[in-house]
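To start, the structure itself, in structure tokens.
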């Protein structure tokens, strides 16, 4: 794999994480616990869709075959998506959503901080912009996690369960492959080992404040970045792509 | 939007708990006539307060329930651009619901109470949101027709005599200015597209036209609270006046799109410059209001579900705040 | 415990150099949440560079029934305004 191929694959992975995360947030619309949280959730989802659009557009330029943002989002099949398994898990309740957002964004923010310093100028620009958005998201998610963890007995029990369920999908964040190595060596991309350490420290600090125990060593599920997804992703993709698939070539 | 005067039929006015002297009422009316704004803590007749609470909360509920039919297509929006635009619009509706609840809260009613009234079926919301969005074209039709009708209604409300309501409406109108255009743009794109897309657009207009006309509420002769609301300058134009204005501006837009308005009686009256339109099926309107529209139960079940599912979250946040306050003390 | 989150009033400084102006209100369980809600509700279109939130029940307001006693005494003190004074033609920089 050469450097250009690695960069393209990397950009698509980041884009897919953004799109699938945003799509799951969109599923929550009109179902939030309080009206003000509707506005927050929609803001987050809009940020993610915006990030995905910028990244897909850039991927199209890197690839040079004329593919648009929508071609990447709407005309690839499930196994061509490269998002983390965590992103595609069904929404569950508000606590599940907060835990997922917190675990992922604790990683994503560090990833973006590193990418903002990348040698690839376009990727660095996109990352710098996204970093500001995610910093706010993460603060929001962390505060909610603390409220739920240290709220009522019920809320504590619920998010403790969410955490136990989702922890197994966090190993994938740091399971680097050739693409990550090339990105690090050729484009000054993130050092995943350093990120893991920082991530665990940051996550631990918030979990402690939330009176939640950090889950111990456990089996870590992977596969998202090889296109080996859980069953859930296929339905998300089918729903999302419905119109583009039913009316090929139509303009909307 | 959505101030149809929905629950005016059979509404009995309770006598005011506090004696209101003729002098007070006259002084109040004089302020209104002088175009002064009434503010939250000013003296006001109980009936004025009650009318406003009913209208503003109905309006707020409509925004909130109105998120559902459009939200129905968010996950399936056909491009990322359309997805972002639609999401921003649905989010605005949540925001507008919030501004309106806030305006109503200045009148001494809590949001909790208003939501409870909605869930109990005591408070109404606009009948339009009990119709289903069956195709993507419905998203275009809602923006174009439903938001178009709403704007007719809402612009005059920016000059409503009650300050907090008027200010909320100014903010809402400013934010909504893109809503109708994005709907029209969707229709335009469809009518320029394939035969299937054109048929989709026509079908949407056919289904949404009459319900949109009903959004302005009962005909003036059947709308008994209208006169009082006009005197109080809560309302500035009658239901029929607004409906006529809507028809007059919308029919040429449909012609531009090459779509047929589903009304065989529709014709331009050259003398007055107004379009004459056919009879509205008021039975359908009252059926939908009574809970028998295609989606009434679904909409309420979704709202009730979100409310119930959120209970533990709201409680947890309060419990946490109480713990923090205790620690600080 | 099942009462609603308290109400907060939201004030926005639209750009530096201007004072904060009342924008509306939000419900929130705590101060930090109130700030977030204010941000997410009232600054979606770049409306502000600074936010204040304050619990609505902490605001001390004048009584509308006392409006005349409170504010009208200022009406007859027109000498506080520069237009009260005569400036003859030809006098400048005053």
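Chains as they are written, first to last, in our numbering: chain Z, 213 to 464; chain V, 1177 to 1505; chain X, 4 to 97.
Glycine included, C-beta positions come from ideal geometry on N, C-alpha and C.
Fair warning: this is a prediction, and the values are worked out from it, not measured in the lab.
| query | result |
| --- | --- |
| Cutoff 6 Å; reference residue 319 of chain Z; Cβ partners in own chain excluding five residues on either side | 385, 411 |
| Per-residue contacts from residue 364 of chain Z into chain V (C-beta, under 8 Å) | 1488, 1491, 1492, 1495 |
| Identity of the residue in V:1201, V:1281, V:1272 nearest residue 1217 of chain V by Cα | V:1281 |
| Within chain X, partners of residue 305 of chain Z - CB distance below 8 Å | Those do not exist, as residue 305 of chain Z stays about 18 Å from chain X at its closest Cβ, beyond 8 Å. |
| Residues that residue 251 of chain Z contacts on chain X, provided the C-beta gap is smaller than 8 Å | 40, 43, 44, 47 |
| Where residue 55 of chain X falls: helix, strand or coil (DSSP) | strand |
| Nearest candidate by alpha-carbon position, reference residue 12 of chain X, set X:69, X:83, X:74, X:44 | X:44 |
| Residue 1217 of chain V at chain X interface by Cβ criterion, 8 Å | yes |
| Residue 281 of chain Z versus residue 8 of chain X: straight-line alpha-carbon distance, rounded | 41 Å |
| The stretch 1199 to 1212 of chain V / the stretch 1439 to 1456 of chain V touching (three or more Cβ pairs under 8 Å) | no |
| Three-state secondary structure (DSSP) of residue 306 of chain Z | helix |
| First through last residue of the beta strand (DSSP E) which encompasses residue 276 of chain Z | No beta strand (DSSP E) contains residue 276 of chain Z, which DSSP labels as neither H nor E. |
| Any C-beta of chain X under 8 Å from that of residue 1177 of chain V | For residue 1177 of chain V, the predicted model reports a pLDDT of 43, less than 50, meaning its position is unreliable; a value from the coordinates is still stated below. For residue 1177 of chain V, the answer is no, since every Cβ of chain X falls outside 8 Å of its Cβ. |
| Sequence-distant residues of the same chain with beta carbon closer than 7 Å to residue 1395 of chain V, five excluded per side | 1415, 1416 |
| Proximity below 8 Å, CB of residue 330 of chain Z to CB of residue 400 of chain Z | yes |
| heavy atom of the ligand FMN below 7 Å from residue 21 of chain X C-beta | In the structure on display, the ligand FMN does not appear, and there are no ligands present to speak of. |
| Straight-line gap, residue 1373 of chain V to residue 1367 of chain V (C-alpha atoms, nearest Å) | 7 Å |
| CB contact check: residue 1485 of chain V to chain Z, cutoff 8 Å | yes |
| Beta-carbon proximity list for residue 292 of chain Z, same chain, < 8 Å, skipping 5 on both sides | 439 |
| Segment contact flag, the stretch 1287 to 1298 of chain V with the stretch 1348 to 1358 of chain V, C-beta cutoff 8 Å, min 3 pairs | no |
| Proximity test, Cβ basis, 8 Å: residue 1503 of chain V and chain Z | no |
| Limits of the beta strand (DSSP E) - the one that residue 10 of chain X falls within | 10 to 16 |
| Residues in the stretch 1323 to 1334 of chain V having any Cβ partner in chain X nearer than 7 Å | none |
| Beta-carbon contacts of residue 453 of chain Z that lie in its chain and below 6 Å, excluding the five residues immediately before and after | 286 |
| 8 Å Cβ cutoff, residue 57 of chain X in contact with chain Z | no |
| Sequence-distant residues of its chain with Cβ nearer than 7 Å to residue 85 of chain X (five each side left out) | none |
| Neighbour-count burial assignment, residue 1202 of chain V, 16 or more Cβ in a 10 Å radius | exposed |
| Bridge partners - residue 29 of chain X, DSSP secondary structure assignment | X:11 |
| Three-way DSSP call (helix, strand, coil) for residue 1307 of chain V in this model | coil |
| When V:1493, V:1470, V:1323, V:1404 are compared against residue 1226 of chain V, the one with the closest alpha-carbon | V:1404 |
| Option nearest residue 1412 of chain V by Cα separation, candidates V:1499, V:1255, V:1317, V:1331 | V:1331 |
| Closest by C-alpha distance to residue 1325 of chain V, when choosing among V:1486, V:1457, V:1421 | V:1421 |
| Cα-Cα separation, residue 372 of chain Z to residue 424 of chain Z | 7 Å |
| Separation of residue 233 of chain Z from residue 312 of chain Z, as counted between CA atoms | 9 Å |
| Cutoff 8 Å: residue 454 of chain Z Cβ touching any chain V Cβ | yes |
| Member of V:1229, V:1386, V:1472, V:1261 whose CA lies at the smallest distance from the CA of residue 1242 of chain V | V:1472 |
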